[in-house]
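**Q** Mapped onto the numbering used here, the consecutive letters of the sequence shown carry residue numbers 8 to 354. Idealized CB from N, CA, C, for every residue including glycine.
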Amino acid sequence: MSNQLSITRPDDWHLHVRQGEMLKQVVGNSARYFGRALIMPNTVPPILNGSDALEYQAEILQATQQWPQFQPVMSIKLTMNTTAQMICEAAEAGVKAVKLYPTGATTNSQDGVELSRLKEMAENLVFDAMADYKMVLCIHAEQPSQSVFDREPYVIPFIEALLAWVPRLKRIVIEHVSTAKMAQFVASWPGRVAATVTAHHLYLTIEDLLGEELKPHYFCKPIVKTQRDQDSIWWYLKNNSNFFFGSDSAPHAQDAKEACSCSAGVYTAPMMLPLLAHMFEQHDMLDLLETFVAHRGADFYNFERNPDTITLVRSDEPMIESEESDRNTPRQMPLRKDDRIYWHVAD
Ligand code: DOR
Ligand code: ZN
Numbered sequence: 008m009s010n011q012l013s014i015t016r017p018d019d020w021h022l023h024v025r026q027g028e029m030l031k032q033v034v035g036n037s038a039r040y041f042g043r044a045l046i047m048p049n050t051v052p053p054i055l056n057g058s059d060a061l062e063y064q065a066e067i068l069q070a071t072q073q074w075p076q077f078q079p080v081m082s083i084k085l086t087m088n089t090t091a092q093m094i095c096e097a098a099e100a101g102v103k104a105v106k107l108y109p110t111g112a113t114t115n116s117q118d119g120v121e122l123s124r125l126k127e128m129a130e131n132l133v134f135d136a137m138a139d140y141k142m143v144l145c146i147h148a149e150q151p152s153q154s155v156f157d158r159e160p161y162v163i164p165f166i167e168a169l170l171a172w173v174p175r176l177k178r179i180v181i182e183h184v185s186t187a188k189m190a191q192f193v194a195s196w197p198g199r200v201a202a203t204v205t206a207h208h209l210y211l212t213i214e215d216l217l218g219e220e221l222k223p224h225y226f227c228k229p230i231v232k233t234q235r236d237q238d239s240i241w242w243y244l245k246n247n248s249n250f251f252f253g254s255d256s257a258p259h260a261q262d263a264k265e266a267c268s269c270s271a272g273v274y275t276a277p278m279m280l281p282l283l284a285h286m287f288e289q290h291d292m293l294d295l296l297e298t299f300v301a302h303r304g305a306d307f308y309n310f311e312r313n314p315d316t317i318t319l320v321r322s323d324e325p326m327i328e329s330e331e332s333d334r335n336t337p338r339q340m341p342l343r344k345d346d347r348i349y350w351h352v353a354d
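1. Any residues whose CB sits closer than 6 angstroms to a heavy atom of the ligand NAP? List them in chain order?
2. Going along the chain, which unbroken runs of the alpha helix (DSSP H) with 4 or more residues stay wholly within the segment 38-95?
3. If you drop the 5 nearest sequence neighbours on each side, which residues of the same chain put their C-beta closer than 7 angstroms to that of T53?
4. Measuring CB to CB, does N356 end up less than 8 angstroms from A201?
5. Taking Cβ positions, are P337 and C269 nearer each other than 8 angstroms?
6. Would you decide whether P17 is buried or exposed? Buried here means 16 or more other CB atoms lie within 10 Å of its CB.
7. Just grab the DSSP bridge partners of H259 for me.
8. Could you check where the beta strand (DSSP E) with S13 kicks off and where it finishes?
9. What residues in its chain sit with their C-beta under 6 angstroms from that of P258, if we drop five residues either side in the sequence?
10. In three-state DSSP terms, what is F310?
11. For V193, does the three-state DSSP call read helix, strand or coil?
12. Suppose you measure from the CA of T391 to the CA of E121; what does that come to, to the nearest Å?
13. Taking all protein chains shown into account, decide if C267 is buried (16 or more other Cβ within 10 angstroms of its Cβ) or exposed.
14. Could you name the residues that DSSP lists as bridge partners for K106?
15. Quick check on the burial criterion: 16 or more other C-beta atoms within 10 angstroms. Buried or exposed for V180?
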């Protein structure tokens, strides 16, 4: 087995970097390695239009000056008040994607979209405006009124209806796919519907989260599912080019995670590429890592693939898991018991 792997510089098509102090703490973990990241808009206050996105992009660029290759690709959040005009203005400001959160589905989504009112939004030409500018519609596909394991598949008929109402809308991404049913649905719309896949949904199952002791750092939305669901996602990732990488690395202060009411989000950014290499090696799929993290997403988003490469090296020393003592600092996802990662990124 090779101990070294050079791949095209990867992109992360789903990333939370927050704002202010937290942004400064976390963004370097991604900016140092990645070419692009699609930045999620569920900040407080949210990113709702082109000028919000430009201001947020400037904050990120300011914090990542040491890594000039890093390009934050901006998204805005869709609300019931988003107009076609706002979409056009955002596109003119360079925004590439619009994020649809069903109301209450996850962190900071109270101002999201009522799925029952999608038709009304389509009639107001909100989705046609996205199509005009070839924007990508990114969907957090969970309906929170349903039982946790059914929340994702429940949304499928709503997406099917949207695809029929707005035939011009050519690119939809189902974010952080977590169930076999949704993976199968994505594969049934080649080229028009794609999915991002996170490292933690490839790594963890509900057994890891709940089976022994409750592990708050494994809690996210959508919740990690069964081994069968995970196997199915691995299968589609292997066999279908519309499944590409989006980390959904979602930092929260340790105090917010290790609490009576635990915030949803798994913080993987500091260990991202070593973790992916580790899992792909275990699945005997190291040769697919590059296409998954560096080719497919760029192709789907109509970006050139990154011009340079990064190198991963397998060493004899395992990765040391950092344990932050500062309670305001997010803690990276702990590995499963007895697991060790020997990959690291060469500088
Ligand atoms: O677990 C999650 N955390 N899922 C999301 O969809 C949002 C994210 C966050 O912003 O913390
Ligand atoms: Zn997310």
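**A** Taking the structure as given:
1. This structure does not include the ligand NAP; its bound ligands are the ligand DOR and the ligand ZN.
2. Runs of the alpha helix (DSSP H) inside the segment 38-95: 57-70.
3. Locating residue 53 in the sequence shown gives position 46, counting from the first residue. Note that residue 53 corresponds to Pro in the displayed sequence, not to Thr. Excluding five sequence positions before and after P53, the CB atoms of its chain that fall closer than 7 angstroms to its own CB belong to K84, N115 and D118, given in chain order.
4. Coverage of the chain is limited to positions 8 through 354, which leaves residue 356 absent and any answer about it impossible.
5. On the sequence shown, position 330 is the one that residue 337 refers to. On the sequence shown, position 262 is the one that residue 269 refers to. Between P337 and C269, the C-beta spacing is not below 8 angstroms.
6. Here residue 17 refers to the residue found at position 10 when the sequence shown is read from its first residue. A residue is called buried once 16 or more other Cβ atoms fall within 10 Å of its Cβ, and P17 is buried on that count.
7. Start at 1 with the first residue of the sequence shown, and residue 259 comes out as number 252. Bridge partners of H259: none, in fact.
8. In the sequence shown, counting from the first residue as 1, residue 13 sits at position 6. Element bounds for S13: Q11 to T15.
9. The residue labelled residue 258 in the question sits at position 251 within the sequence shown. Cβ within range, chain order: V33, Y274 and P337.
10. One-based indexing of the sequence shown puts residue 310 at position 303. For F310, the secondary structure class from DSSP, reduced to helix, strand or coil, is coil.
11. Position 186 of the sequence shown, counted from the start, is the residue given in the question as residue 193. Taken through DSSP and simplified to helix, strand or coil, V193 comes out as helix.
12. Nothing can be reported for residue 391, as the shown portion of the chain is limited to 8 through 354.
13. Stepping through the sequence shown from its first residue, residue 267 is reached at position 260. Counting other Cβ atoms within 10 Å of its Cβ, C267 stays below 16 and is therefore classed as exposed.
14. Within the sequence shown, numbered from 1, the residue matching residue 106 stands at position 99. K84 and C145.
15. Residue numbering aside, residue 180 sits at position 173 when the sequence shown is read from its first letter. Around the beta carbon of V180, 16 or more other beta carbons lie within 10 angstroms, which makes this residue buried.
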